[in-house]
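In the numbering used here, each residue carries its 1-based index in the sequence shown increased by 22. Every residue, glycine too, gets a C-beta built ideally from N, C-alpha and C. Since this is a predicted model, take the numbers as computed values, not measurements. Note sheet for the following structure.
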Amino acid sequence: MDARLNLFGSPVAAKFLRHINSAGKVVADTTLPAATQELVKIRASQINGCGFCTDMHTKDAAHAGETSTRLNLIAAWREAKVFTEAERAALELTEQGTRIADAAGGVTDEAWADAAKHYDEEQLAALAALIAVINAYNRLNVIVQQPAGDYQPGQFG
Numbered sequence: 023m024d025a026r027l028n029l030f031g032s033p034v035a036a037k038f039l040r041h042i043n044s045a046g047k048v049v050a051d052t053t054l055p056a057a058t059q060e061l062v063k064i065r066a067s068q069i070n071g072c073g074f075c076t077d078m079h080t081k082d083a084a085h086a087g088e089t090s091t092r093l094n095l096i097a098a099w100r101e102a103k104v105f106t107e108a109e110r111a112a113l114e115l116t117e118q119g120t121r122i123a124d125a126a127g128g129v130t131d132e133a134w135a136d137a138a139k140h141y142d143e144e145q146l147a148a149l150a151a152l153i154a155v156i157n158a159y160n161r162l163n164v165i166v167q168q169p170a171g172d173y174q175p176g177q178f179g
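Encoded structure:
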């Protein structure tokens with residue numbers, strides 16, 4: 023399978039990716055735990071059907087020491103005992119923030135309040151920004167049908 027568009031060969035796409043990568047770095051450099059950041063990226067990518075990002079972030083998480091049990095249970099996090107309450111709050115916020123079009127009213131006050139119990143204001147800003155950024159990446163990759171499976175950890179870093 024080939025992508026519909028070479029994102030790395032297009033000057034417009036390359037410029038866009040530089041900017042979105044900069045936005046992602048702002049989030050990566052916050053105190054929002056790195057493991058939580060990967061869980062958020064994986065869950066949004068699963069929901070959006072973005073194979074490229076799911077492949078990338080599961081491999082990056084495993085490379086950083088995430089367990090296969092936790093990686094395998096992200097899609098079923100509500101029934102899994104392996105996530106902290108803070109991670110559960112982040113995953114709920116991710117799901118609601120990713121499925122905005124599916125829910126009248128968007129993210130609930132309850133989901134936000136639950137996240138606010140576990141994260142300070144800067145971490146909440148990082149979490150909201152991360153959800154927005156990964157959704158942008160997902161949409162771009164899904165639109166161009168970016169193939170998945172060949173990513174190697176650290177490939178873009």
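Top-ranked residue by Cα proximity to residue i, from the options
i, options, result
"Ala147", "Val49, Ala125 and Pro175", "Val49"
"Leu61", "Thr76, His41 and Leu29", "Thr76"
"Ala135", "Trp99, Ala123, Arg121 and Ala112", "Ala112"
"Leu54", "Ala151, Ala36, Asn163 and Glu88", "Ala151"
"Leu27", "Gly171, Ile42 and Leu162", "Leu162"
"Met23", "Gly73, Lys47 and Gly46", "Gly73"
"Asp172", "Tyr141, Met78 and Lys47", "Met78"
"Ala97", "Gly87, Phe30 and Gly71", "Gly71"
"Asp131", "Tyr141, His41 and Gln118", "Gln118"
"Gln59", "Phe30, Thr80 and Leu39", "Thr80"
Range covered by the alpha helix (DSSP H) that runs through residue i
i, result
"Leu27", "Here Leu27 belongs to no alpha helix (DSSP H), and DSSP marks it neither H nor E."
"Ala180", "Outside the displayed range of the chain (23 to 179) lies residue 180, so it cannot be described from this structure."
Beta-carbon gap between residue i and residue j smaller than 8 Å
i, j, result
"Val155", "Ala25", "no"
"Ile69", "Ala83", "no"
"Pro175", "His85", "yes"
"Ala16", "Glu114", "Absent from the model: residue 16. The displayed extent of the chain is 23 to 179, so no value can be given."
"Thr52", "Glu144", "yes"
"Ala66", "Asn160", "yes"
"Leu149", "Ala138", "no"
"Thr91", "Val104", "yes"
"Ala57", "Glu101", "no"
"Thr120", "Asn94", "no"
- Query: Taking only runs of the alpha helix (DSSP H) that begin and end inside the stretch 77-149, which ones reach a length of at least 4 residues, in chain order?
  - Reply: 90-95, 107-120 and 131-140, all fully within the stretch 77-149.
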